[in-house]
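Down below is the structure, laid out as structure tokens.
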Amino acid sequence: MSSSVQIRGLSKSYRSNRVLDDLDLRLRPGVTGLLGPNGAGKTTLLRILATVMAPDRGELRLLDRDPSTEADRVEIRRRLGYVPQEVGYPEGFTTFEFVDYMAILKEISDRDARHAEVRRVLDIVGLAEVRHQKLRKLSGGMRRRVVIAQALLGRPELLILDEPTVGLDPEQRLRFREMLSSVHADATILLSTHQTTDISALCQRVVILDAGKALFDGSPVDLAATAAGRVWHATERHPSARVAWVGGDGRVRNVGDAPTGADLAEPTIEDAYLLLVGAGATLEEPAA
Amino acid sequence: MTAPWHVSPTQIDAYLADRVDQVTASSIEAHLLACATCREAVAERRPVPELAASWARIEALIDDAPVSLGERLGARVGVPSHVVRLLAPTNALRGLWVAAGAAAFLAAAVLARGGFGVTGQLGRVIFLTVAPLIPLAAVSSTLGAASEPAAELARVAPMSRLRIGALRAGTALVFTVMFGLVASMIVPGPWIRAVAWLCPALALSGLAAALAGRVVSTVAVGVVGAAWVGLVTVAAIISSDGLAAFRAAPQVAYLAVAVVAGAVVVASPSNFDLRRIP
């Protein structure tokens, strides 16, 4: 099977700041999670894959087409769903009108078919009941779901989701996972997140990006395994620990080079991430 | 009060299948209004898929109904709903912008009539100079990422940006020209002289559209607008004729500029791609 996304030697700079550095990546149908600290190049990569911007250098093929040509780019966009990090909302539009507007931009001009599709995606994200409310009256989490809904229009083969779960409460986050599970069978989905729980719950594959390069590319289980033997419990912070914190059971969880005879703990994706990227890396969501 | 009789299951089935005459149907409906037991019986005997289908039809009717004033007006004159919705985010067609444009035309026309202490030909020159700037501003406001509220999403939409731009800019141009023509009616002098701003308006708007994707739309308005005012002033000074820029020969040149600008727009549709438009 050919890859839905093929990237070779991709680079992108903003003035002298190189954001993506000779990146190679291939994606196939399924959910791939993109982890990385702020400024790692995640959003730049996702915007390039969503055809918002072009790379400076490198080869890029999306859905077996070349996004640098006008005709191929339009064809890719017909089969693409995109959830950007930030979206402006048209003043005065209701939820239904906004998604309908996006469906028109996706060239679904037949009104009956378009409205049926709008109802379908609003139903998937659980917003059917509020579809005639003005967007400005919706909560932040609901507006985020509206953006997710528009990305599902036309059953896209490639879904690019930039921190889709930011602003969702725990229940909405679970609903999002449920929704994504129902659409991902044939689609290639790439989502960036600061939530390692999203990665373990949703992704068959995880890519860690740091300073524009892929530090890790494999399954979430393999990622956690890279921290095997380097996580241990103790009564206090150990000098060799790169990061340590007091857990709910009162014991100190140390992550780093374990001393001999340490009480080793089961490593998590979060531990492995901290060891790969560095103790200074943040996994917290930015404040809403 | 409880109704003294109930509709039989056979009658309910016949009613639901639309197999009863009008009088019987009316009688059953009148009874259902008063009898909760029979309403429940009807609800129970109505097949679920049919209920779902009815509900879906009601929902579709609500969703399909035009909501905004623009949509209702559009539907009345036969404009497809998707075209009206594409026009909805156009600033130049919104209340405040329309009012500002109309007020600018009106103020210029009042000057042309000698209002605000302006005497002689100066008022007419001001009207003819200012009038093309209003369509220019309106057309420019429809171009550029700032004109698209959900620009990041619209950037990756497959629909041709040239088509969207042409639709919005064309509608904004038609609307402002209509206001301008109404304002021209109160300008003194021959009608043909009062509308001498029309060809310059087409030329300036065309130039703004041709500059789309090359410069920021506000810069385009500034450059094209300043060039226009400079042209009128220089022509007036050189020829000692305040209306020199509005005579027949320049009008032909304005039309030629509009045609060339239109050709440039059509020849480079990628300039309307929001990736290119700042």
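Those protein sequences? They're chains A and B, same order as listed.
To convert, count from 1 in the first sequence and add 2; that's my numbering.
To convert, count from 1 in the second sequence and add 44; that's my numbering.
Backbone N, C-alpha and C fix where the C-beta goes; we use that ideal spot for every residue, glycine too.
Chain A places no beta carbon closer than 7 Å to that of B/Glu88, leaving this residue out of the contacts.
In terms of beta-carbon proximity, B/Val200 lines the interface with chain A, with at least one pair separated by less than 7 Å. Between B/Leu130 and chain A, the shortest Cβ-Cβ separation is below 7 Å. Note that the C-beta distance between A/Leu129 and A/Arg145 is not below 7 Å. Within the region 177-205 of chain B, the residues whose Cβ lies closer than 7 Å to any Cβ of chain A are, in chain order, Pro193, Ala194, Ala195, Glu196, Leu197, Ala198, Arg199, Val200, Ala201, Pro202, Met203. For the region 32-86 of chain A, the full-length beta strand (DSSP E) segments reaching 3 residues or more read 32-37, 59-64, 82-85 along the chain. According to the DSSP assignment, A/Gln8 belongs to the beta strand (DSSP E) that extends over 7-16. Taking C-beta atoms as the reference points, B/Val128 and B/Phe171 fail to come closer than 7 Å. Less than 7 Å separates the beta-carbon of A/Glu272 from that of A/Thr198. Using beta-carbon distances, B/Ser125 counts as an interface residue toward chain A, with a partner under 7 Å. Contact between B/Pro313 and B/Ser204 holds: CB atoms are separated by about 7 Å, below the 8 Å threshold. Here A/Glu61 is exposed, its C-beta having fewer than 16 other C-beta atoms within 10 Å. Taken in chain order, the complete beta strand (DSSP E) segments of 3 residues or longer contained in the region 140-182 of chain A are 160-164. Under a 10 Å Cβ-count criterion, A/Ala151 is classified as buried, with 16 or more other Cβ atoms of the shown protein chains found around its own Cβ.
Using a 10 angstroms sphere on the CB of B/Trp49, the tally of other CB atoms stays under 16, which defines it as exposed. Closest option to A/Thr71, judged by alpha-carbon separation, among A/Met55, A/Tyr84, A/Val132, A/Gly252: A/Met55.
According to DSSP, residue pairing for A/Ser194 in a beta bridge involves A/Leu36, A/Asp164.
When the five nearest sequence neighbours on each side are left out, the beta carbons in the same chain lying within less than 6 Å of the beta carbon of B/Ala288 are those of Ala279, Ala280, in order along the chain.
Residues of chain A with a Cβ closer than 7 Å to the Cβ of B/Ser314 are, in chain order, Glu72. Between A/His235 and A/Ala203, the CB-CB gap reaches or exceeds 7 Å. Note that the C-beta distance between B/Val309 and B/Ala253 is below 7 Å. Contact with chain B is found for A/Leu107, since one of that chain's Cβ atoms lies less than 7 Å from the residue's Cβ. Neighbourhood of B/Pro133 in chain A, by CB distance below 7 Å: Pro92, in chain order. DSSP places B/Val123 outside any beta strand (DSSP E), giving it a letter other than H or E.
For A/Val127, no alpha helix (DSSP H) segment is defined, and its DSSP state is neither H nor E. For A/Phe218, the beta-bridge partners assigned by DSSP are A/Ile210. With a 10 Å radius around the Cβ and a threshold of 16 neighbouring Cβ atoms, B/Val121 comes out exposed. Looking from the CA of A/Arg63, the closest CA among A/Glu88, A/Met104, A/Leu160, A/Tyr275 belongs to A/Leu160. Residues Ala198 of the same chain have their beta carbon placed closer than 6 Å to that of B/Glu192, with the five preceding and five following residues left out of the count. In the displayed model, A/Leu27 falls within a strand according to three-state DSSP.
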